Amino acid sequence: MLNREAEDSFEKGYRALEANDWRAATAFFEAAIMLEKKLKARTPQARYRSYYGLCLGLAKKRHGDAIKMCKSAIRLEQYNPDLHWNLGRVFYNAGRRRDAYRVFVQGVRQQPGHRGLVGDIRRMGLRKKAVLPFLRRNNPLNVALGRMRAVAEARTQLSGRRAARRA
């Protein structure tokens, strides 16, 4: 059963988050968690933890704590795509693109049309495989060959458009 005070605090935090007031959002989400603990709730609200973790990661740059908080939320409620989205955003902000992408995809499996998840996956973009996979991606040879491949692909697309216009 939901605690009304904790739920009110969460809702205020969510509104503050939508208004980009990260400091207030963090305080409200933390208050919701504390109220829940104080009243000894049988099952903690996963979304309280997830959104608090999101604020810790994005506003306070406490990525380790944020990841733990978001993961604990997913353990409580693994089929909620919003929780995956929050963890993915924390991973992305921490520079862990691969983990972010993996979590975003898990969330999209729960809800294929989730705007936030789909939008963030698109914004991340997909990198192509290294031209020479046995060398590191930042190897000068791979970088040079990758640039040449990009130029060649751009020219191919351009010539394809010209041919389509003529037809």
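Just so you know, we're using the numbering used here here: the sequence shown kicks off at -10 and counts up by one.
Beta carbons: idealized from backbone N, C-alpha and C, even for Gly.
Every value quoted in this text rests on a predicted model; they were computed, and no experiment measured them.
Rounded to the nearest whole angstrom, the C-alpha separation of F18 and L121 is 47 angstroms. Taking the C-beta atoms as reference points, R126 is found no nearer than 7 angstroms to A133.
Rounded to the nearest angstrom, the gap between the Cα atoms of V94 and F123 is 27 angstroms. For the set Q34, H73 and R111, the Cα lying nearest the Cα of Q99 is the one of H73. Each residue's CA atom was taken as its position, placing L147 and M137 some 15 angstroms apart. Distances from the CA of N69 to each of P101, E(-6), K29 and L47 were compared; the closest alpha carbon is that of P101. Beta-carbon to beta-carbon, L45 and A35 are separated by about 15 angstroms, too far to satisfy the 8 angstroms threshold.
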